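S.K.: Have a look at the structure that comes next, please.
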Amino acid sequence: MSTHSHASGYDVIIVGGGPAGCAAALSLRKSNPDVTTLLLDDADPAAFKIGESLPADAKNMLVYLSPTLYTDFTKDIAEGVHMPCSGNASAWETPDLRETYAVSNPFGMGLHLDRARFDQCLRDAVAGTTAGSQCTVVHGVFNKVEKTEAPEYQGWIVYVRRYGSGETDTYRAKWLVDASGRKASVARKLGAKTIKTDALLAFHMLFSATASTQHDHDGRTVIEAATAGWWYTAQLPRGRRVVVYHTNDDDASAKLARKQAGFLALLDETKYISRVIAEHGYEAVAEGHGKEPRPGCTAAGSSHLVPPMEDRLTHGWLAVGDAAMAFDPLSSQGMITAMKMGCVVGDALARRLRGEPDVEDLVSQLLRTYIRVRSRYEDEKGYFYDQVSRFTGPFWESKTTA
Ligand SMILES: Cc1cc2nc3c(=O)[nH]c(=O)nc-3n(C[C@H](O)[C@H](O)[C@H](O)COP(=O)(O)OP(=O)(O)OC[C@H]3O[C@@H](n4cnc5c(N)ncnc54)[C@H](O)[C@@H]3O)c2cc1C
Numbered sequence: 001m002s003t004h005s006h007a008s009g010y011d012v013i014i015v016g017g018g019p020a021g022c023a024a025a026l027s028l029r030k031s032n033p034d035v036t037t038l039l040l041d042d043a044d045p046a047a048f049k050i051g052e053s054l055p056a057d058a059k060n061m062l063v064y065l066s067p068t069l070y071t072d073f074t075k076d077i078a079e080g081v082h083m084p085c086s087g088n089a090s091a092w093e094t095p096d097l098r099e100t101y102a103v104s105n106p107f108g109m110g111l112h113l114d115r116a117r118f119d120q121c122l123r124d125a126v127a128g129t130t131a132g133s134q135c136t137v138v139h140g141v142f143n144k145v146e147k148t149e150a151p152e153y154q155g156w157i158v159y160v161r162r163y164g165s166g167e168t169d170t171y172r173a174k175w176l177v178d179a180s181g182r183k184a185s186v187a188r189k190l191g192a193k194t195i196k197t198d199a200l201l202a203f204h205m206l207f208s209a210t211a212s213t214q215h216d217h218d219g220r221t222v223i224e225a226a227t228a229g230w231w232y233t234a235q236l237p238r239g240r241r242v243v244v245y246h247t248n249d250d251d252a253s254a255k256l257a258r259k260q261a262g263f264l265a266l267l268d269e270t271k272y273i274s275r276v277i278a279e280h281g282y283e284a285v286a287e288g289h290g291k292e293p294r295p296g297c298t299a300a301g302s303s304h305l306v307p308p309m310e311d312r313l314t315h316g317w318l319a320v321g322d323a324a325m326a327f328d329p330l331s332s333q334g335m336i337t338a339m340k341m342g343c344v345v346g347d348a349l350a351r352r353l354r355g356e357p358d359v360e361d362l363v364s365q366l367l368r369t370y371i372r373v374r375s376r377y378e379d380e381k382g383y384f385y386d387q388v389s390r391f392t393g394p395f396w397e398s399k400t401t402a
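With UniProt numbering as the guide, the letters of the sequence shown map in order to residues 1 to 402.
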């Protein structure tokens, strides 16, 4: 493996170009256009990405971050790249479906996103701010970080494997932001630990329309509690649907859900989710080209990083988005919280780099925000799981707070 050294240093390197990292980059740029930023991301924009429901009020956040981003996003919506979400229908406290209509939301309709495309649109907006060449987006994999106290440069050296090649590039920065999602790739290398407060897994399968598929007009997110977990399905653009099953990693159903036959057998036991799939004649498909149609599996529990950030006066690192704090998908607040936190982090760093004398201490300000968000989330999560008393068994017992 050969290494190419890059002499160029940046004020900030952000690892991860999902909602958190992109919001941080855009907010940095907005608050201090002189800051030089490198955004590093390894996502394949053609691959399926889970996490599709965008609440309606997220649109305000996009307008705030970048009017150009919002224009591109609305163009995508007009072209059918993303789909409107007409509301939620949940069989949760009772076996009956209860509806929440998007029309009663003052912010209007949410969306079911082509998630990979949405994230790419965010990264394009970050790259688009390069007019003064202040923000560079690099497609590569972060794999190592070193701290340097060299007199000519104090900060971080970051090693990046260039996408599609074995070449390693190095970059330097004063500040490092870990926005790499649940992997918390940077923070873990720096000795921080992810504390998991539960063991929820999400098994997801894609379904696609076939020649015999009845047109699917159901724009709702359908949610259904089950004996050992809970399900949701959402319609996706291009005639697809995602079906997701959540259970604990030690539940017997988790073993079944790893294979297509087991997943479909569990799906058959649901009342509403299976009906949506059967009524419209969907067929299970692979999540990527040349792959078998089998369920994907991802961690979906609540977790938080300890410590979420460190300060070294002249340089430091911090984590944002899922890398700092990840939520149960029941909350549907992952993306909006990641973007809000990205904005706070970007703005605070921009002010710090501008040397504003009266800036409240960056670390304590951010820590207070993190603690507030986590505490509100834990209360709400407890409230929602406590609503389900019609099932007994290890999964629901593990969720009740009483
Ligand atoms: C099953 C499930 C369903 C969900 N549904 C929803 C939903 O409907 N609505 C919602 O709002 N939220 C949902 N979420 C949560 C939401 O997806 C996350 O909260 C959100 O993606 C967090 O954004 P992020 O930017 O912190 O991380 P991510 O979106 O994970 O982005 C991290 C980025 O970092 C990159 N990266 C990682 N490691 C490296 C590395 N070493 N080098 C370079 N790049 C790297 C990744 O490729 C990725 O692009 C769901 C989550 C799960 C598990």
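Yeah, the Cβ is synthetic: ideal placement off N, Cα and C, and Gly gets one too. Here the structure is a predicted model, which is why all the values come from computation and not from measurement.
Does Met339 come out as helix, strand or coil in the three-state DSSP assignment?
M.R.: As a working note, residue 339 is residue 339 in the sequence shown. It is helical.
S.K.: Excluding the 5 residues preceding and the 5 following residue 403 in the sequence, name in chain order all residues of the same chain whose CB lies nearer than 8 Å to its CB.
M.R.: Since the first residue shown for the chain is 1 and the last is 402, residue 403 is missing from the structure and cannot be characterised.
S.K.: Below 8 Å on the Cβ atoms is my contact criterion, and I expect Asp347 with Ser31 to pass it. Report the Cβ-Cβ distance as a whole number of Å.
M.R.: On the sequence shown, position 347 is the one that residue 347 refers to. On the sequence shown, position 31 is the one that residue 31 refers to. Right, the Cβ-Cβ distance comes to about 5 Å (below 8 Å), so this counts as a contact.
S.K.: Would you say residue 479 touches ligand 1, meaning its beta carbon is less than 8 Å from a heavy atom?
M.R.: Summary: the structure shown does not reach residue 479, with the chain confined to residues 1 through 402, and so no result is reported for it.
S.K.: Which of the three DSSP states is assigned to Ser208 in this structure?
M.R.: Locating residue 208 in the sequence shown gives position 208, counting from the first residue. Ser208 falls in the strand class under three-state DSSP.
S.K.: Quick one: any contact between the region 321–340 and the region 53–60, if contact means 3 or more CB pairs under 8 Å?
M.R.: Touching, yes.
S.K.: Apply the 10 Å Cβ neighbour rule to Thr130 and answer buried if 16 or more other Cβ atoms are within range, or exposed otherwise.
M.R.: As a position in the sequence shown, residue 130 is number 130, starting the count at 1. Below a pLDDT of 50, predicted positions are generally treated as unreliable, and Thr130, at 48, falls in that range; the measurement from the model is reported next regardless. With fewer than 16 other Cβ atoms within 10 Å, it is exposed.
S.K.: Between Leu39 and Leu353, what straight-line distance do the alpha-carbon atoms span, to the nearest angstrom?
M.R.: Here the question's residue 39 lines up with position 39 in the sequence shown. Here the question's residue 353 lines up with position 353 in the sequence shown. Approximately 17 Å, taken between the alpha carbons.
S.K.: Say yes only if the C-beta of Asn143 is nearer than 8 Å to one or more non-hydrogen atoms of ligand 1, and no if none qualify.
M.R.: Taking the sequence shown and counting its residues from 1, the one referred to as residue 143 is at position 143. Yes, ligand 1 has a heavy atom inside 8 Å of this Cβ.
S.K.: With C-beta atoms as the reference, is Glu224 less than 9 Å away from Ala350?
M.R.: Residue numbering aside, residue 224 sits at position 224 when the sequence shown is read from its first letter. Residue numbering aside, residue 350 sits at position 350 when the sequence shown is read from its first letter. Taking 9 Å as the Cβ cut-off, Glu224 and Ala350 do not qualify as a contacting pair.
S.K.: Take the Cβ of Asn88 as the centre, count every other Cβ of all protein chains shown within 10 Å, and call the residue buried at 16 or more, exposed below.
M.R.: One-based indexing of the sequence shown puts residue 88 at position 88. Asn88 comes out buried.
S.K.: Output the distance between the C-alpha atoms of Asn143 and Leu236, rounded to the nearest integer angstrom.
M.R.: The count along the sequence shown starts at 1 and reaches residue 143 at position 143. The count along the sequence shown starts at 1 and reaches residue 236 at position 236. For Asn143 and Leu236, the distance between alpha carbons rounds to 33 Å.
S.K.: Could you tell me which of Thr392, Pro307, Asp379 and Pro151 sits nearest to Ser364, measuring between CA atoms?
M.R.: As a first step, residue 364 must be located in the sequence shown, where it is residue number 364. When only C-alpha atoms are compared, the closest one is Pro307.
S.K.: With DSSP as the reference, identify every bridge partner of Pro84, one or two as the case may be.
M.R.: Here residue 84 is taken as the residue at index 84 of the sequence shown, counted from 1. For Pro84, which the question treats as bridged, DSSP gives the partners Leu111.
S.K.: Check whether the region 67–84 touches the region 269–289, counting contact only when three or more Cβ pairs, one atom from each stretch, lie closer than 8 Å.
M.R.: Flag = no, the region 67–84 and the region 269–289 do not touch.
S.K.: Following a CB-centred definition, is Ala252 positioned closer than 8 Å to any heavy atom of ligand 1?
M.R.: One-based indexing of the sequence shown puts residue 252 at position 252. Ala252: no, Cβ never under 8 Å from ligand 1.
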